[in-house]
Amino acid sequence: MLNHYYYTVASLPLLSYDSEKFMSEKEFLVCCESTVTEKDFQLLKRISLVPPSRDESTHPVLAKWNSWERGLRNELVKMRAGRKGVDSDKYIAPGVMETDLQNLARDAFGSATPIEAERVLERARWTYLDNLEAGHYFDLGKLIVYYLKLQLLWRKSNINKEKGRSNFEEIYSAITGKSVLQKNRSD
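If you're matching positions, the sequence shown starts at 1 in my numbering and goes up one per residue.
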């Protein structure tokens with residue numbers, strides 16, 4: 001039987017790709033824990049943006065997401081391998097290959113910076129989730145899409161230039177024994 005979660009879905013704040021304030025993972029899971037079945041809650045807790053190596057999804061929305069995301073990652077693997085002159089076959093995840101992802105991977109790969117590439121991919125992921133959400137209003141499919149969108153927002157909020165610069169300087173310093181400032185002065 002299909003479970004409907006009218007109260008749960010109605011109590012969730014509206015999300016948009018540009019949302020700057022959104023609930024934490026803990027808040028989302030607490031909201032769901034007392035209002036959804038145990039089986040559905042266990043499924044929600046296991047959901048990740050990263051598809052499992054073997055898809056054992058029992059829910060069609062999650063199975064479609066995992067297939068699409070795995071296909072996107074496979075296309076990116078092919079492009080990276082091609083650039084390095086390496087055979088991509090041993091890095092390709094098994095499963096049904098989604099169509100139409102080659103252009104998306106090419107657009108992301110052609111971006112000027114890694115952060116721009118990430119933005120292209122995140123926006124495409126959001127759009128795909130919007131499409132998956134169609135027809136799911138108060139059911140588990142809606143909660144699955146909502147949770148995946150939350151994960152995208154958390155990820156997006158953790159990407160920033162200062163943190164990236166700090167990580168770069170730390171890695172650069174560990175490799176060269178100099179800070180980036182010392183390198184620039186000696187040039």
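All residues carry an ideal CB built from backbone N, CA and C; glycine is no exception.
Point to revise | 7 Å CB neighbourhood of residue 32 in its chain, flanking five on each side removed | key: If we look at residue 32 and ignore the five residues flanking it on each side, its Cβ neighbours are 8, 41, 44 and 143.
Review point. Which value, in whole angstroms, describes the spacing of the CA atoms of residue 71 and residue 59?
Key: Rounded to the nearest angstrom, the two C-alpha atoms are 18 Å apart.
Practice item. Give, in chain order, every unbroken run of the alpha helix (DSSP H) that is at least 4 residues long and sits entirely within the region 145-180. Key: Listed in chain order, the complete alpha helix (DSSP H) runs (minimum 4 residues) inside the region 145-180 are 161-176.
**Study point:** With 16 other Cβ atoms within 10 Å as the buried cut-off, status of residue 69
**Key:** Of the other Cβ atoms in all chains shown, 16 or more fall within 10 Å of the Cβ of residue 69; this residue is therefore buried.
**Study point:** The alpha helix (DSSP H) enclosing residue 10, as first and last residue numbers
**Key:** Unbroken alpha helix (DSSP H) run through residue 10: 6-11.
Review point. Can you tell me the Cα-Cα spacing of residue 131 and residue 176, whole angstroms?
Key: About 47 Å.
Check your understanding: residue 125: buried (16+ other C-beta within 10 angstroms of its C-beta) or exposed?
Key -> Counting C-beta atoms within 10 angstroms of its own C-beta, residue 125 has 16 or more neighbours from the protein chains shown and is therefore classed as buried.
Check your understanding: In three-state DSSP terms, what is residue 139?
Key -> Strand.
Exercise for review: Indicate whether residue 77 and residue 88 have their beta-carbon atoms separated by less than 8 Å.
Suggested key: Yes, Cβ-Cβ distance for residue 77 and residue 88 is below 8 Å.
**Study point:** Alpha-carbon to alpha-carbon, residue 122 and residue 11
**Key:** Just so you know, the alpha carbons of residue 11 and residue 122 end up roughly 25 Å apart.
Exercise for review: For residue 166, count neighbouring Cβ atoms within 10 angstroms of its own Cβ and tell me buried if that reaches 16, exposed if not.
Suggested key: Burial call: exposed.
Check your understanding: Thinking C-beta only, is residue 105 closer than 8 Å to residue 91?
Key -> No.
Point to revise | Where residue 79 sits in the DSSP three-state scheme | key: In the structure shown, residue 79 sits in a helix (DSSP, three-state: H, G or I).
Review point. Quick one: is residue 174 buried, meaning 16 or more other Cβ sit within 10 Å of its Cβ, or exposed?
Key: With fewer than 16 other Cβ atoms within 10 Å, it is exposed.
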